[in-house]
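Here the structure comes first, spelled out in structure tokens, and everything after it is commentary.
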Amino acid sequence: MTTPTNVDGEPTDETASVRERYDVEMAVRIEERWQSAWDEADVYRTPNPGDADFDPNRPKFYCLDMFPYPSGAGLHVGHPEGYTATDILCRYKRMRGFNVLHPMGFDAFGLPAEQYAVQTGVHPRETTQEAMDNFRRQLKRFGFSYDWSREFATIDPEYYRWTQWIWLRAYGSWFDPRVDAARPIAELEAGLAAGEVVPTDDDDEPLDWSAMDAAAQRRYVDGCRLAYLGEQTVNWCPKLGTVLANEEVIDGRSERGGHPVMRKPLRQWMFRITAYAQRLLDDLDLIRWPESTRIMQREWIGRSDGALVRFEVEGGSGTLDVFTTRPDTLFGATYMVVAPEHPLVDEIVAESGADPAIEAYVTAARNRADVDRMADSKDKTGVFTGRHAVNPATGERIPIWTADYVLMGYGTGAIMAVPAHDQRDFEFARAFDLPIRQVVADAVGDAGACDDWNEAMTGGGVAVASANEAVSLDGLATDAAKATMIDWLSATGRGRRRVNFKLRDWLFSRQRYWGEPFPIVFDDAGNHHPVSDAALPVRLPDLEDYEPIEADEPTPPLGKAAEWVRTTAGEAGVDPSVLPPDTPVRREINTMPGWAGSCWYYLRYCDPGNDSRFASREAERYWMLSDRGEDSTPTVSGETSFDASRHHVGGVDLYVGGAEHAVLHLLYARFWHKILFDLGEVSTPEPVGRLFHQGMITSFAFKRRDGSLVPVDEVRETDDGAAVEIATGEPVERIVAKMSKSLRNVINPDDVIAEYGADTFRLYEMAMGPLDASKPWNTRDIVGVHRFLQRAWRLAVDETTGELRLREDADPDVERALHRTIAKVGDDVERLAFNTAIAAMIEFVNTATGVGVTADQLDRFNRILGPFVPHFAEEIAARLHPGATGGRSVVLAEWPAFDPAMLKDDSIEVPVQVLGKVRSRITVPADADAAALEAAALADERIRELVAGKTIRKVVVVPGKLVNVVAN
RNA sequence: GCCGGAGUGGCGGAAUUGGCAGACGCGACGGAUUCAAAAUCCGUUUCCCGCAAGGGAGUGUGGGUUCGAGUCCCACCUUCGGUACCA
242 MTTPTNVDGE PTDETASVRE RYDVEMAVRI EERWQSAWDE ADVYRTPNPG DADFDPNRPK
302 FYCLDMFPYP SGAGLHVGHP EGYTATDILC RYKRMRGFNV LHPMGFDAFG LPAEQYAVQT
362 GVHPRETTQE AMDNFRRQLK RFGFSYDWSR EFATIDPEYY RWTQWIWLRA YGSWFDPRVD
422 AARPIAELEA GLAAGEVVPT DDDDEPLDWS AMDAAAQRRY VDGCRLAYLG EQTVNWCPKL
482 GTVLANEEVI DGRSERGGHP VMRKPLRQWM FRITAYAQRL LDDLDLIRWP ESTRIMQREW
542 IGRSDGALVR FEVEGGSGTL DVFTTRPDTL FGATYMVVAP EHPLVDEIVA ESGADPAIEA
602 YVTAARNRAD VDRMADSKDK TGVFTGRHAV NPATGERIPI WTADYVLMGY GTGAIMAVPA
662 HDQRDFEFAR AFDLPIRQVV ADAVGDAGAC DDWNEAMTGG GVAVASANEA VSLDGLATDA
722 AKATMIDWLS ATGRGRRRVN FKLRDWLFSR QRYWGEPFPI VFDDAGNHHP VSDAALPVRL
782 PDLEDYEPIE ADEPTPPLGK AAEWVRTTAG EAGVDPSVLP PDTPVRREIN TMPGWAGSCW
842 YYLRYCDPGN DSRFASREAE RYWMLSDRGE DSTPTVSGET SFDASRHHVG GVDLYVGGAE
902 HAVLHLLYAR FWHKILFDLG EVSTPEPVGR LFHQGMITSF AFKRRDGSLV PVDEVRETDD
962 GAAVEIATGE PVERIVAKMS KSLRNVINPD DVIAEYGADT FRLYEMAMGP LDASKPWNTR
1022 DIVGVHRFLQ RAWRLAVDET TGELRLREDA DPDVERALHR TIAKVGDDVE RLAFNTAIAA
1082 MIEFVNTATG VGVTADQLDR FNRILGPFVP HFAEEIAARL HPGATGGRSV VLAEWPAFDP
1142 AMLKDDSIEV PVQVLGKVRS RITVPADADA AALEAAALAD ERIRELVAGK TIRKVVVVPG
1202 KLVNVVAN
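Just remember that the working numbering sits 241 ahead of the position in the first sequence, which is counted from 1.
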């Protein structure tokens, strides 16, 4: 193919003459040589504060890659994209004198590994270990400058010990709204006992603490924990044998595997992430993250401002609360709807004489898989419950319906329906012939008949027909009408202002084997007790039968470890002050979800060997706390010794990974971090100060005329660039698609390295285009960057002798070009624009080719090349400084300086436009002022011809850039 | 539907702040070298008209602002992500 190879058989003069050529054999030899040399010299080990070789005078830079989930398939080309980018930046930062923390490890608990193990019948411990070994081998082959001494996997007991420890901190804390932060649960108990904290019920009504018995008090405190046991309707996936978080369910199917998911009430460990909703929202403004990701998190948290309105229900149960963002439309509420799961519905169904149609509808709605519920979301269904409520504004009797377009999980699970001003209510009212009453108009007196409307009027306007004896909204603009209505509701006890969030508490239990055990046990009364910190980790028992139990009832596989489950408080490590050691207990048999380990791994890297804390305070503080420059001072939530005027809110200086984690992982990690911050365990309110998403690497595929896709190996590309399907001879169109097995367009990194070497691979992925853009892999283009390395090699090395080819005296043009290149590459690396940095280096080599460079010039150029192609540059460095020890390594070198004066030319060529079109060019001194430029432009012969006989209206001069003559 | 990103030569892409559109690479074409080929080096390569000098058009489409728009504004089309009855 395009790879240069030596001729087989008898060596000829020709083959001998290119023995020192940079081809794949040479690349591989160089790469292996330097990788083992770096390994031996341990050059990438990063000292921590306190280490003998730690230099506290250097600034720090913590650069993190999203650690991989080691699948059996090995690394795909998307992994090294982000990893190469951070590697270049880290190498650059080291050369600029930073202490750089750049770690790597593995996220190894979780469903995919376990599913794979179940399929193959090999224990997940083994498959995971194998996959990690393979990933590590592949990663090392790229020559990334990770400090491998910091490597760990989330399945290491010494790691998940601290995952459990952090969970215990959440278990042992509550969220105090008075300080808007987490506090130890002991402070809640003390506050309750002293009467400083008043307990409240579900409706925020105060309770009498002293009147509660011990069990009730315990229940109350347990209900306040940040990690708590909650009865929830969960997503149960019988096929996977586990419950799933809402985020893991897509269109009613499991994200992994696409299996159907059912709704089922279950008692499970939850995280009170909702307590942090506002802070998670607010602090998004303080971090340098992609706007798209911050928007997605904002939408996920989903704050909406409105009111809680209380409706009297006729007969029986008293009241029905609804949440609405449009309290100004209360006069237009002509009916109510409750979710099929709403308690009021249960009550009605239980009554004798209830319409059997109600129960039929509710049963059907509840059992309906979410898939179906989505599918016909267009058609509204529902049934009248037979009950009525009273509209508190109009005093009218309005019917209460139940319908599945109202969701139990949001707000109160009940709504007031205002069909004139809400599209969903409008459609429902039309379907069931319910009254529609307009209460908002474009202008006063503008109200017309809404009978002939095709859709609801959902925007703002002026309130109309909205008055009773006590309050009138008529004539008020929507915002004012909302405020007036809320005031009236509050004053009369009919409602109040209310902020509601879409975000729900995080379901944290899984009925699977391959995850972290919870450090908690239950006594015979069913009360839970924590395992003491000193007894951690609670090790995952080594089950031989780890298969999930496919059943309609959740049955965690850990239940099979009977001896492990049934134990005593003392055996389990419960503190004797909590439970006497001989108390029989059973362990929690659910495990934590795959997200757990990735919620805090960036903290462990700060000090991965520490066995007395998740990381020493000193190490955590050094790597996570960043001084800010002259930036504006942000406000920071929570109670803290953190100094917002001095420090950035985020710890990790740069975190690079795919946008697919924009919400889940990145929101969970922020939440855990904030708990730890509130408890004084970490130094910053946010885990990550700057986030960057690398784009997806796609591939080419082909499309038939009918739109169907054709695998790449069933297509032949013709010389004129067209493509035909081999089987039919029909022309097909080349398109960009995700890499997939079915299209057979998946690129294996090992193959590419075997053909070109790791340096070429690295360089190609960085040259493809902007780091954050999705871009297609084009095998044909790789040769371009490989040829660049060959030219660069040839610039430095004589291919026949292997001797360096160096000039004695520097060529001034080459010297100037070198300064420009150093400046441009440094600038581009800082802003992660590696593609243009590479273009600049190619230009330099093209400029210098045929002219030659001095040893000093080669040395400087080689140093800017180093971060991109470290093996290549190390080889050149070694040849430039033969016999030199360590100190001349390109890894440890300083980034070369440039002289700003060398970036400017003495004279420049400036385009001259007439009416915005370039008509001529003039050569002027670089510092020519506007007057000189104008004079030179107007003196230009071609310009004089063109403006002859015309009036010069204006001359626009941009010094150094252009001249535009406006003449007509 | 809603939110966000992107549409530039045959292809990947460049143009950092409103100032020379197409850097750099691939491919293609031509030349040098070679017995020949590979490799390498040099050159051409947005499109149209023209022998040339030169002229015209041109950054998804249509409008606008400006001396000047790939870049800013309005409307729309295509495409890729995200999201989906959230009251």
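No residue lacks a Cβ here, since even glycine has one placed at the ideal position from N, Cα and C.
Between the C-alpha atoms of V712 and A670 there is a straight-line separation of about 27 Å. Non-local beta-carbon contacts of S857 in its own chain, meaning distances under 7 Å to residues more than five positions away in sequence, involve D848, N851 in chain order. Judged by DSSP secondary structure, D546 falls within the beta strand (DSSP E) whose first and last residues are 544 to 554.
Judged by DSSP secondary structure, C840 falls outside any beta strand (DSSP E); it is assigned neither H nor E. With a cutoff of 8 Å on beta-carbon distance, R1032 and V1086 are scored as near each other.
With respect to Y263, W1034 sits close: the two C-beta atoms are nearer than 8 Å. Excluding the 5 residues flanking it on each side, A1008 has same chain C-beta neighbours closer than 7 Å at V1026, N1076, I1079, in chain order.
When DSSP states are grouped into helix, strand and coil, T1090 belongs to the coil group. Judged by their CB atoms, A349 and I396 are nearer to each other than the 8 Å cut-off. Remark: fewer than three beta-carbon pairs, one from each stretch, lie closer than 8 Å, so the stretch 507 to 519 and the stretch 883 to 891 are not flagged as touching. Pairing D894 with D666, the inter-Cα distance amounts to about 48 Å. For V1204, the enclosing beta strand (DSSP E) begins and ends at 1203 to 1208.
Put simply, of R378, E355, L305 the residue whose alpha carbon is nearest the alpha carbon of E367 is E355. Along the stretch 903 to 948, the beta strand (DSSP E) occurs as fully enclosed runs of 3 or more residues at 927 to 929, 938 to 944, listed in sequence order. Q664 sits exposed, since fewer than 16 C-beta atoms from the chains shown fall within 10 Å of its C-beta.
Between the alpha carbons of T575 and Y357 lies a distance of about 54 Å. When secondary structure is reduced to three states using DSSP, R737 falls in the strand class. A straight line joining the alpha-carbon of D1140 with that of D1000 spans about 29 Å. Under the rule that a run must span 3 or more residues, the beta strand (DSSP E) segments found entirely inside the stretch 356 to 417 read 414 to 417. According to the DSSP assignment, H320 belongs to the alpha helix (DSSP H) that extends over 319 to 336. Contact annotation: the stretch 775 to 794 does not touch the stretch 534 to 546, with fewer than three C-beta pairs closer than 8 Å. A direct Cα-Cα distance of roughly 17 Å separates V685 from T725.
S983 and F943 have their alpha carbons spaced roughly 12 Å apart.
DSSP, reduced to helix, strand and coil, places N1103 within a helical segment of the structure shown.
Going by C-alpha positions, L717 is about 57 Å away from G756.
Going by beta carbons, I656 and V586 fall outside the 8 Å limit.
At least 8 Å separates the beta-carbon of S707 from that of D720. Rounded to the nearest whole angstrom, the C-alpha separation of H662 and G636 is 20 Å. Taking 8 Å as the cut-off, the Cβ atoms of H629 and E555 count as close. C-alpha of F385 to C-alpha of A1014: approximately 22 Å in a straight line.
If you ignore the 5 residues before and after K801, its C-beta comes within less than 7 Å of the C-beta of L784, D786, all in its own chain and listed in chain order. Here L844 is not near S924, since their CB atoms are 8 Å or more apart. Under the criterion of beta carbons closer than 8 Å, P834 and F749 qualify as touching, at roughly 6 Å. Taking 8 Å as the cut-off, the beta carbon of R1048 is found no closer than this to the beta carbon of A1037. E1175 is positioned such that its CB atom lies closer than 8 Å to that of V1196. Across the set L470, V1070, D449, N375, the C-alpha of V1070 shows the shortest separation from the C-alpha of R337.
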